[in-house]
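In the working numbering, the protein residues as written are 14 to 442.
From the three backbone atoms N, C-alpha and C, an ideal C-beta is built for every residue, glycine too.
First comes the structure, then the notes that go with it.
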Ligand SMILES: *Cc1c(COP(=O)(O)O)cnc(C)c1O
């Protein structure tokens, strides 16, 4: 068995976990502890010097969280991962080792609304900047990259429209510029898309969504492919140059392809403290055990609901990339062959007014600012998640005033269709 490569369904249950060495507990225990007893003073010193790997304090590492990190890294095909307190924390943690004042990132215009706000407003306070570009315009992506660009950022299946990014084409551009491509793989999950196989350097997740799968806890994760040469140029001094806080240790020289992950823990979590707690890790581990089963159902339901909506004359447009009419239909086979996810938008005849009525009339669909739950969710982006955006940004993000985003759950597809049918009748009356 040992040289046999396990399939996704096996890894989503077993990767990173083993029976608890102290008790034999089969399920990963929740190690609800802040600190860990050192064997002796030398052991403590070796841990603090990063000469030995072990547990010191749960802001940095925790055995329950470590299992989740290894599981997500394995499912994504990466070498290591760092879990964080939320998806937004993961985005800051992902950028932190790469950036400095005056540096910028080039990001897709089609992103989660909160990410647009984080990148267009908040990161400025660190002296970082973001240039937003339409990722379907490859020349524009190339043109936006300058000497101070330190990463390219996009979503594999993009919120809210479910657009599919040509990850390979963007990865080639990032490679040519010798900078990493970061993919937010939240909406796709590693079951539908494995961005590292398409050339991504780093993958970030909001584990809050499909990975946990039932809307119980917030969390995030940064996965490293281990494939980027941080010392190839002088753009990434945090990883290639001596680190004063560890007696001049050079992360890349010392830790090789684990440099980025070790930096994320030893500097990122240590000093930014955006740590995932072991309870959250436990819920997310439980969720991941059934990820493939849920994603297959999410995709099947999304396709059925989207096909029904597309034929309905109360609807102007359905953006689901799994529909033959979508300009992204051909990209699905290439980027996410198991399906286009379960997130898409509909443009409703009757505009803003009708959208508000629709959202109010739905019974099974919950009106919440969340996605990727087992239950179906709906949101009118323009009046909520994308409210902080300008009208222009809303249109660019696919979240105009007549647009409603659906996150299709794993209930009976017929019930979801019936619910939409009755609510659309009320919306158009
Ligand atoms: C939810 C989400 C985020 C932010 O994650 P939080 O866990 O809410 O901080 C980032 N990107 C995408 C695609 C998301 O859906």
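Please look up how many angstroms separate the CB atoms of residue i and residue j, rounded, as I've assumed it's under 8 Å.
i	j	result
residue 211	residue 119	Their Cβ separation, rounded to whole angstroms, is 17 Å, which puts residue 211 and residue 119 out of contact at 8 Å.
residue 101	residue 82	With a Cβ gap of about 18 Å, residue 101 and residue 82 do not count as contacting.
residue 345	residue 353	5 Å
residue 168	residue 124	6 Å
residue 315	residue 335	7 Å
residue 205	residue 351	5 Å
residue 384	residue 390	6 Å
residue 103	residue 218	6 Å
residue 238	residue 91	5 Å
residue 199	residue 308	The Cβ separation is near 13 Å, so there is no contact.
Would you tell me roughly how many angstroms separate the C-alpha atoms of residue i and residue j, rounded to the nearest one?
i	j	result
residue 393	residue 221	20 Å
residue 27	residue 442	52 Å
residue 312	residue 434	20 Å
residue 172	residue 321	21 Å
residue 304	residue 73	27 Å
residue 233	residue 296	13 Å
residue 332	residue 323	9 Å
residue 44	residue 359	44 Å
residue 193	residue 404	31 Å
residue 292	residue 160	42 Å
residue 183	residue 144	15 Å
residue 432	residue 290	37 Å
residue 248	residue 126	29 Å
residue 275	residue 157	30 Å
residue 340	residue 271	39 Å
residue 51	residue 69	8 Å
residue 176	residue 420	14 Å
residue 31	residue 294	16 Å
residue 268	residue 279	12 Å
residue 140	residue 116	7 Å
residue 255	residue 244	12 Å
residue 121	residue 25	30 Å
residue 57	residue 283	16 Å
residue 138	residue 162	17 Å
residue 67	residue 34	15 Å
residue 149	residue 273	29 Å
residue 191	residue 250	14 Å
residue 19	residue 55	39 Å
residue 17	residue 257	43 Å
residue 428	residue 380	17 Å
residue 53	residue 142	46 Å
Smallest Cα separation from residue i: which of the options?
i	options	result
residue 342	264, 178, 247, 258	178
residue 325	361, 308, 419	361
residue 402	59, 128, 36	128
residue 75	58, 48, 88	48
residue 298	251, 284, 365, 230	230
residue 23	306, 337, 370, 415	306
residue 425	165, 378, 122, 363	378
residue 365	166, 245, 413, 84	413
residue 135	149, 152, 105, 18	105
residue 93	428, 241, 373	241
residue 197	399, 189, 310, 166	166
residue 226	33, 310, 283	310
residue 151	65, 189, 71, 258	189
residue 372	328, 437, 19	437
residue 71	55, 54, 46	46
residue 328	39, 415, 191	415
residue 170	380, 400, 357	357
residue 399	65, 37, 133	133
Please confirm whether residue i and residue j have their CB atoms less than 8 Å apart.
i	j	result
residue 215	residue 107	yes
residue 146	residue 186	no
residue 95	residue 277	yes
residue 417	residue 368	yes
residue 180	residue 86	no
residue 397	residue 382	yes
residue 288	residue 98	yes
residue 77	residue 114	no
residue 109	residue 281	yes
residue 60	residue 262	no
residue 207	residue 89	yes
residue 285	residue 265	no
residue 370	residue 440	yes
residue 387	residue 430	no
residue 209	residue 164	no
residue 411	residue 174	yes
residue 395	residue 406	no
Check: In chain order, what residues have a CB nearer than 6 Å to some heavy atom of ligand 1?
Finding: 99, 100, 101, 125, 127, 128, 168, 172, 197, 199, 200, 219, 221, 222, 231, 233, 384
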